[in-house]
Amino acid sequence: MGLPDAPGDLSSEVDVDAFRRLFPLRFYERHLTESIRPDGRPLGRARDTTIALGAVASAEGSALAKIGSTTMLAAIKMEVMTPSMDSPDEGCIAIDFHMPPICSPIVRPGRPAEIAPVVSKQLSDTYFKALTSYMCCCSSGMINLKELSLVSGKAAWMAYLDIYCLDADGALFDAALLSAVAAFSHLQIPAVSLNDDGKIVVVSEENGGKLEKDAVNKERMKLTLKSIPFSLTCVLHKNYILADPTAEEESIMETVVTVVLDSSSQLVSLYKPGGPVLAYTSAIQDCVALTRQRMKELQKILDEANSGMEVD
Amino acid sequence: MVGLSLGEKHFIQGGIAQDIRSDGRKRLTYRPINVETGVIPQANGSARIRMGATDVISTVKAELGKPISLQPDKGKVSIYVDCSPTAAPMFEGRGGEELSTELSVALQRSLLGGKSGAGAGIDLSSLVVVEGKICWDLYIDCLVVCSDGNLLDALGAAIKAALSNTGIPRVQVAAGASGDEQPEVDISDEEFLQFDTSDIPVIVTLTKVGRHYIVDATTEEESQMSSAISISVNRKGHICGLNKRGGAGLDPSIVLDMISVAKHVSEQLMNKLDSEIAAAEAGEDES
Amino acid sequence: MEFVSPEGLRLDGRRPMEMRQIRAEIGAVAKADGSAVFEMGNTKVIAAVYGPREVQNRSQQINDQALVRCDYSMANFSTGDRMRKPKGDRRSTEISLVIRQTMEACILTHLMPRSQIDIFVQVLQADGGTRSACINAATLALADAGIPMRDLVTSCSSGYLNSTPLLDLNYVEDSAGGPDVTVGFLPKLDKVTLLQMDSKLPIDIFEKVMQLAIEGCKAIANYIREIMLENTKQLEYRRGI
Amino acid sequence: MAGKPGTTPTTYSPSPTTQKTRRPIFNENDVDWVRPDGRGFHQCRPAFFRTGAVNAASGSAYAEFGNTKVIVSVFGPRESKKAMMYSDIGRLNCSVSYTTFATPVRGQGSEHKDFSSMLHKSLEGAIILETFPKTTVDVFALVLESGGSDLPVVISCASLALADAGILMHDLVASVSLSCLGKNLVIDPILEEESYQDGALLITCMPSRYEVTQLTVTGEWSTPKINEGMQLCLDACSKLAKIMRSCLKEATSTSQE
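Following this line, the structure appears as structure tokens:
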């Protein structure tokens, strides 16, 4: 966008906020030249991230992830289904991403925001790529669907994973993936048993002693999570790379690159939906390097949250 | 929807202040009520109520169903209201949906009592055929044909009239159907057991305009309302439901005062309705 | 299934050429500009007309004639089993279109340019022949609203079962799968404005069945004219002329 | 791929809690009945409020009453939808929605379709609409977890969010609900108590102006009982309002540092 430089001197008297609103790009470029961002972060650093497990009591596994002010709440509810014929001993996961009207002014009740299906498609791709498309070598694949099976051919778990965006301030995908991963790590599959009319019922504590026909799995089981995917979204502008953009930065500089690595730092997916700036391989490599560095931070935060969980 | 000039608004408010409304009625008098029962022969029970220009039809259909597990000894009743576009052009297509849901919820709250079924105007346990397995599901459908204000009272009265006109077929259960599979049932279509509608409550809406409140408000008067309270009172004088509409806040003492006035007015309305229903039933048997 | 008994009586005791009992009432909805109730046997329909009034959205406004809009809807309790069909299902949209085109043909729309006429039809009870009852009710409502029309439009349906043409089918005869001819007729101008038929019928038999339906329409027209005359006397009396 | 279900197969929830809550029988002199969570009959759950939960919104608040967790965000006053006619007073647009995992059994949130219009009626009386003509204030609420008496919590939280957004109001709006179980009146019921209540009373009021903006009663009540119920709720509302005011004061004091 060729901005007229004539009123260059004008910007000195105009107060900072007005300048930021009137000429957003020039405001940002003024900052980028000193490689600093308006909220004081260097270009490569992500916003501070926190994870709180067990946010919702009515779900078997839940987590609240906050990256800067972008907040995501993910919760998993387990229900029983009869597995399909072609995969009798596998459960399945239904992933849904919701953008309720409370999270940003653009979203109106009734009409879903057009970004919601995009993110939920991205999420399910990342999950299913991580889960199943590597079935042949089944090396990565965060969750092994076989663990979700109850009675082969007759009953299996259906995990409904619902992610709600409570506050949208850029990098929605990172926060959504992080909250989903945390929810899975916090998930506790209830101990169930088959009662007389063939239905799976939770073995509640009081009658825990009297075991019905065959308690399918005795204690509350946790899912074994192998190679956990982590992601970082970067924004490309001229030759700058900004990690973990806020909503304002995303709206000004439209070129977004999302890199997803798993814990054994294998590239799971790379997503660049268009945008004016062309990404040469060098830029992509920088993004991957940033993501690798960011992955360590996220891994540490997740482990802290999990260890915190074990204690109580 | 109601285009009133400033002059007309003052005329209405002034009239109410001096206890003379634009159609000559006092503050607490009703418009002429006309009741017809059995208007829809295909339904188990139906009635049409005209309060002045407001005209509503309500029908009761009974179908066999399974009671919910939490209350095996009670039948199920559901109430739906539908605003027909004949009442106002804005109800065309999905226009009348919001008002319909609001009216349905208000009716359900007044006639069906609490979640445990206590205090319900309709005696749910009389609807059970085989406890836990078969019961009658009553579907009460109401249609607003023409709306000139005071819809909730008209609908409440129409449901009371429709229920008094309802005949539930007697049911014989084939003996020996043990276990939990559905026993076969044959429905006789001669004798019907009538419904006792004595303790079905009557809904009275008090609309506050300026400093006074009136009963049976027309659309113009309702457009001047600052707040309104709909109270459903049954024969024993107990309050079976209360619903405050309209924006302005009300002092709790005024709310209690309105409740006592509503109880007083509801007795007159209850007797008037019973006489009208009896007349309609008698009229229907001759024709 | 035997629809016509050897002595020539139908299931509900009518003769093949006999119509169901008709009843009409004008001015059923006080707040509407024009309204009417029309009953053919158990089929009961109420129609209300609002207009000519200002067009709601400018884009649809026609500057040399009136815009006629129609909305057909069935009450939840109108059919035997309680159906919860959503508002805009295909059948009611089709019937709304049929009624709109039929009425638009007979309303003198050029006399009321840039205006809008809304016809709302609500089926209270459906026992076959709802389409015809709606058109008759709409005609009465338009007349009650004082909207200029070329002629009254009356409509009747007829069918062909057990090789005998039957006039004014009820729900059982209608759903028997036989042919069903619906005719919309202008009695004074002696013209047919609406003709709908489904399933196969040889041409000569079709001629007979259609002629039977036209006779039915004429009978309805006489009845409607009587009702309107009586209603005008009522108005005259009320005005004390 | 097995993971991607074509048509989601019908599933059922294995947890028995929803099927088996038998209704404890209340006889007239049932004094020794204790509430499932041990509270006194006239004791509300501990109330936790925090404003500024969503900074994408012009005003927002988070409320937590026991297990009931709600977030409300307020946008506006902003220009209303194209279809709206001109209006010389401001317009209020409310919408309440549930998350799929809020209720013990998935998808029970859709039963509360009328909450949005109830929220609208409660707030309408308190907001001074004349101060933002031709524009609309949008109030959106999301119930994260449904732990019982969700609507009163949504209403109180919404009035806090409006205050946080700087919308002019006559007074804060506090709302409390009350269940009638047999003879005794139980305030601020939890989900289990609500499932077998005989009657319910919900009051929304402006505490300092001492005015009732919304009142709903279901079940059979005699007049003295209604009077007692209303008095109980009004006292609870004034206590709740004190908590809400202190939360607002904290928020402003922290933001000044």
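Residue numbers (the UniProt record's numbering), protein chains in the order written: chain A, 1 to 312; chain B, 1 to 287; chain C, 1 to 241; chain D, 1 to 257.
Just so you know, even glycine gets a beta-carbon here, dropped at the ideal spot from N, CA and C.
Around the C-beta of Ile205 of chain C, fewer than 16 other C-beta atoms lie within 10 Å, and the residue is accordingly described as exposed. Taking a C-beta cut-off of 8 Å against chain D, none of the residues of the stretch 255 to 271 of chain A qualify.
When DSSP reads this structure, Asp262 of chain A sits in a beta bridge with A:Pro229.
Chain D places a beta carbon closer than 8 Å to that of His238 of chain B, counting this residue as a contact.
The C-beta of Glu193 of chain D comes no closer than 8 Å to any C-beta of chain A. Contact check between the stretch 132 to 141 of chain D and the stretch 211 to 229 of chain D: fewer than three CB pairs, one atom from each, fall below 8 Å, which does not count as touching.
Identification of chain D residues near Ile102 of chain A by a Cβ-Cβ cut-off of 8 Å yields Val54, Ala57, Ser60, Ile71, Val72, Ser73, Phe140, Ala141, Leu142, ordered along the chain.
In the DSSP assignment, Pro42 of chain A forms a beta bridge with A:Ile36.
Secondary structure remark: continuous beta strand (DSSP E) runs of at least 3 residues inside the stretch 204 to 248 of chain D, in chain order: 211 to 221. At least one CB atom of chain B sits nearer than 8 Å to the CB of Ile46 of chain C. Residues of chain B with a Cβ closer than 8 Å to the Cβ of Ser73 of chain C are, in chain order, Ser84, Pro85.
Ranked by Cα distance from Ala65 of chain A, the options A:Leu166, A:Gly44, A:Ser58 are led by A:Leu166.
Here Val68 of chain C is buried, its C-beta having at least 16 other C-beta atoms within 10 Å. Beta-bridge partners assigned by DSSP to Asn63 of chain C: none are found.
Setting aside the 5 residues that flank it on each side, Ala94 of chain A is surrounded in the same chain by Met158, Ala159, Tyr160, Leu161, each with a C-beta closer than 8 Å to its C-beta; the list follows chain order. Taking CB atoms only, Gly247 of chain B has a neighbour in chain D less than 8 Å away. The DSSP-derived three-state label of Asn34 of chain B is strand. In this structure the stretch 41 to 55 of chain C lies against the stretch 107 to 127 of chain C, because at least three pairs of beta carbons, one per stretch, are closer than 8 Å. In the assembly as shown, Gly249 of chain B is a buried residue. Its beta-carbon has 16 or more other beta-carbons within 10 Å.
Taking a beta-carbon distance threshold of 8 Å, Glu92 of chain B does not count as an interface residue toward chain D. Residues of the stretch 107 to 137 of chain D with a C-beta less than 7 Å from any C-beta of chain B: Lys113, Asp114, Ser117, Lys121, Glu124, Gly125, listed in chain order.
Here DSSP, grouped into helix, strand and coil, assigns Leu168 of chain D to coil. Here Phe115 of chain D is buried, its C-beta having at least 16 other C-beta atoms within 10 Å. Nearest C-alpha to Gly210 of chain B among B:His10, B:Leu4, B:Leu242: B:His10. Closest in alpha carbon position to Leu142 of chain C, among C:Lys233, C:Ser59, C:Cys70, is C:Cys70.
The CB of Thr207 of chain B never comes closer than 7 Å to any CB in chain D; the least such distance is about 15 Å. Comparing alpha carbon positions, the residue from C:Leu229, C:Thr232, C:Arg58 closest to Arg114 of chain C is C:Arg58. Annotation: Phe185 of chain C to Met210 of chain C spans about 11 Å, alpha carbon to alpha carbon. Three or more Cβ pairs drawn from the stretch 69 to 81 of chain B and the stretch 96 to 104 of chain B lie within less than 8 Å of each other, which places the two stretches in contact. Here Val34 of chain D is exposed: its Cβ has fewer than 16 other Cβ atoms, across all protein chains shown, within 10 Å. Counting along the chain, His212 of chain B sits inside the beta strand (DSSP E) bounded by residues 212 to 215.
Chain A places a beta carbon closer than 8 Å to that of Pro104 of chain D, counting this residue as a contact. In this chain, the beta strand (DSSP E) harbouring Asn184 of chain D covers 184 to 187.
Within the UniProt domain "Exoribonuclease phosphorolytic" (151 to 216) of chain C, the complete beta strand (DSSP E) runs of at least 3 residues fall at 154 to 161, 164 to 167, 180 to 186, 191 to 198. Comparing alpha carbon positions, the residue from D:Ser159, D:Pro14, D:Gly166, D:Leu240 closest to Ile187 of chain D is D:Leu240.
Closer than 8 Å to the CB of Thr68 of chain D there is not a single CB belonging to chain A.
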